[in-house]
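Quick mapping for you: the protein sequence lines, in order, are chains G and L. All the letters of the first sequence, read from the start, carry residue numbers 1 to 377 under the working numbering. All the letters of the second sequence, read from the start, carry residue numbers 1001 to 1169 under the working numbering. The structure appears below as structure tokens.
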Amino acid sequence: MAQNRVKCLLALVFSVFMLTNANVVVAQEQHPVQAHNTDAATSHKPAEKEFNVTETILEHISDDHSWHLWGHTSIALPVILKTDKGWETFSSAKLMDEHHEPITYTGTTTGYQFKVNTNHETGKKSIVIIGADGNINQAATASILDMSITKNVASMFIAVFLLLAIFLSVAASYKKRGVTTAPKGFQNIMETLILFVRDEIARPNIGEKYFKYMPFLLTVFFFIFINNLLGLIPFIPGGANVSGNIAFTMTLAVFTFIVVNFSGNKNYWKHIFWMPGVAVPMKIFLMPIEVIGIFTKPISLMIRLFANITAGHILVLSLVCLIFIFKSVAASAVAIPFTVFISCIELLVAFLQAFIFTMLSALYIGMATEEHHDDHH
Amino acid sequence: MFLEVNPLVLPELGLVIWSTIAFLVLLFVLTKFAWKPIMAAVKERETGIEEALAKAEKMKAEMAQLQNENEALLAKAREERATLIKEAKETADKMVAAAQEKAKAEYDRIVADAQAAIHQQKNQALTEVKNQVGSMVIEVAEKVLRKQLADKPQQEAYIQELVNGVKLN
């Protein structure tokens, strides 16, 4: 456990370090770029827009209200907003013109003027409400609950659809072929994975009561796995960064937190609040640490998955961006093999992270449901 | 705060809600229609295989037991046969011995009877001889006595003559 906590802490520190650094780079680049642009505007013909690596990568790994395909082509997705004046639903195509520049859209039910705003400091894109004076109406914007089917949500729905299609057909093939015959084809692959989750994850970590937690662990494993894999596909239906999104990993971590703590037995809570086998001052000393531990476990799950998948995406995108940085096709001779290589590793990571998330969830469940042993301490 | 600075580490409520919905839908639908039937099927197959293996093992044990029993039976039969032969031989020997004994006894008896008969006949014959000798002696004596009365030398000659004439048959 201590090792896990250290790892999680390292991951946190590392990701924070990386992200703040990245922003420093953005901040540094912005001024010269602007200066250059003004120069270009005066001395040259309309110059090629300066390529900003950080902006490009961040745009790729963050969520969006439309699904960008290529150039100025993108799939419009439904925007669903809840404001203080009620719900507003419209197509994301209404928020941009043919050059992908944001435009304002006047809501039909609320009358608010909606516009996609890019925060200049963070690069974060979000829908804001523009007041009558042309500035952002902060009070109304704060009331927005953005329930849009964004790129990530749409990608997640594709994942859900795929999982349902795969496993309902696999379940049907059991019904059709009977249980005594050996599994075949797709059924065989899925059975191998299911048995992997059962025999390598659930049984060794949970023990006797593993059967009860199998549905949860299987769902978590396959949901993460398929989202990881979809994220590796560079175009539709992949390309979104669902499992590298902190909201997604947080949701799954919260589910693990709920399952672990709701299945925690007397022994588990006793180990948290009144550690057996140590002196009373030590018990008091350990109590807050253990209570923090309840929360650090799912937080470590959340950050591990998020950081690993996001890092993978950043790595692949950075290698592709090398071509644009050097502005030479020759750079692709280096960049493309490396991208392929890293993508292969990312395939492994896609499986590994799904495995680790599920394995640690099973481990925490196992710790929470473990019966009392005298030789434990 | 870096959380405000970095959009990457700031969870959006909309995505959280949609993730929750997606996960719960998956969890319930897959549990009901996929995980439970699949797990049950896999378990059923595994128990089936286990049972088949156990059955095969049992059959093997039974076969071995049967074979053992057969062997034991065979050994027992062999032993019985040996005993029977031995007993038969003993009986036969006994019978032969008894017959021999009986024959010998009969022979002895016959011999004894014959000897007894011979002995009796010999005695009878001797008695007859003795009787005849006696009567002859008496006849001779009579004749002697009658001649004696006449002449002495003649008497003696006569005796001599008689004696010569007596021939013991």
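Note that CB positions come from ideal geometry on N, CA and C, so glycine has one too. These numbers come from a predicted model, not from an experiment.
Check residue i in the structure and name its three-state DSSP category.
| i | result |
| --- | --- |
| S148 of chain G | coil |
| V79 of chain G | strand |
| E101 of chain G | coil |
| L1010 of chain L | coil |
| F235 of chain G | coil |
| F1023 of chain L | helix |
| M275 of chain G | coil |
| G185 of chain G | helix |
| M287 of chain G | helix |
| H65 of chain G | coil |
| T56 of chain G | helix |
| E1142 of chain L | helix |
| V116 of chain G | strand |
| G86 of chain G | strand |
| T141 of chain G | helix |
| S126 of chain G | strand |
| T73 of chain G | strand |
| S328 of chain G | coil |
| T106 of chain G | strand |
| S263 of chain G | coil |
What residue from the options has the CA that sits closest to residue i's CA?
| i | options | result |
| --- | --- | --- |
| F1023 of chain L | G:M156, G:I201, G:A202 | G:M156 |
| I158 of chain G | L:G1014, L:L1010, L:W1018, L:M1059 | L:W1018 |
| M96 of chain G | G:S243, G:T106, G:A311 | G:T106 |
| I289 of chain G | G:P298, G:L301, G:F273 | G:F273 |
| I201 of chain G | G:E370, G:A362, G:H372 | G:A362 |
| F295 of chain G | G:N265, G:L315, G:L317, G:F255 | G:F255 |
| I75 of chain G | G:T89, G:K94, G:R177, G:F324 | G:K94 |
| N1164 of chain L | L:F1028, L:V1140, L:L1084, L:A1054 | L:V1140 |
| G239 of chain G | G:E50, G:V53, G:S66, G:F51 | G:S66 |
| F257 of chain G | G:G244, G:G134, G:K283, G:L360 | G:L360 |
| A171 of chain G | L:M1039, L:T1047, L:A1097, L:V1025 | L:M1039 |
| S332 of chain G | G:E346, G:T369, G:L317, G:A368 | G:L317 |
| T56 of chain G | G:P337, G:V320, G:C344 | G:V320 |
| Y112 of chain G | G:H99, G:K125, G:W87, G:S92 | G:W87 |
| F306 of chain G | G:R203, G:L252, G:G131, G:A182 | G:L252 |
| D84 of chain G | G:L77, G:I103, G:A142, G:D64 | G:A142 |
| G134 of chain G | G:T110, G:G123, G:K125, G:T104 | G:T104 |
| I1049 of chain L | G:T180, G:A354, G:P204 | G:T180 |
| P183 of chain G | L:E1046, L:T1031, L:V1029, L:V1025 | L:E1046 |
| P78 of chain G | G:H72, G:H68, G:T89 | G:T89 |
| Q138 of chain G | G:L347, G:M147, G:S148, G:F114 | G:F114 |
Taking the CB atoms as reference points, tell me whether residue i and residue j lie closer together than 8 Å.
| i | j | result |
| --- | --- | --- |
| I356 of chain G | R304 of chain G | yes |
| I129 of chain G | A140 of chain G | yes |
| L145 of chain G | L1013 of chain L | yes |
| V220 of chain G | T358 of chain G | yes |
| V197 of chain G | L217 of chain G | yes |
| F223 of chain G | L163 of chain G | yes |
| M287 of chain G | M250 of chain G | no |
| I365 of chain G | N241 of chain G | no |
| L1027 of chain L | P215 of chain G | yes |
| L58 of chain G | G131 of chain G | no |
| T369 of chain G | K270 of chain G | no |
| G312 of chain G | V349 of chain G | yes |
| K125 of chain G | D64 of chain G | yes |
| L347 of chain G | L232 of chain G | yes |
| H72 of chain G | E50 of chain G | no |
| V53 of chain G | I325 of chain G | yes |
| N267 of chain G | H372 of chain G | yes |
Buried or exposed for residue i, please, with buried defined as at least 16 other CB atoms from any protein chain shown within 10 angstroms of its CB.
| i | result |
| --- | --- |
| P1007 of chain L | buried |
| L1074 of chain L | exposed |
| W70 of chain G | exposed |
| V116 of chain G | buried |
| I292 of chain G | exposed |
| E191 of chain G | buried |
| K1086 of chain L | exposed |
| A1056 of chain L | exposed |
| H1119 of chain L | exposed |
| K1167 of chain L | exposed |
| G1134 of chain L | exposed |
| T42 of chain G | Confidence at T42 of chain G is low in this model, with a pLDDT of 41, below 50, so its placement is unreliable and the value that follows should be read with caution. Exposed, by the Cβ-count rule. |
| A1117 of chain L | exposed |
| G264 of chain G | buried |
| T310 of chain G | buried |
| V278 of chain G | exposed |
| I226 of chain G | buried |
Consider the C-beta atom of residue i and the heavy atoms of the ligand ATP; say whether any pair is separated by less than 7 Å.
| i | result |
| --- | --- |
| I206 of chain G | By its list of ligands, the structure shown contains no ligand whatsoever, and the ligand ATP lies outside what it can speak to. |
Please specify which runs of the alpha helix (DSSP H), each continuous and at least 4 residues long, are wholly inside the stretch 186 to 253 of chain G, giving them in chain order.
Entirely contained in the stretch 186 to 253 of chain G, the alpha helix (DSSP H) runs reaching 4 residues are, in chain order, 203 to 206, 210 to 232.
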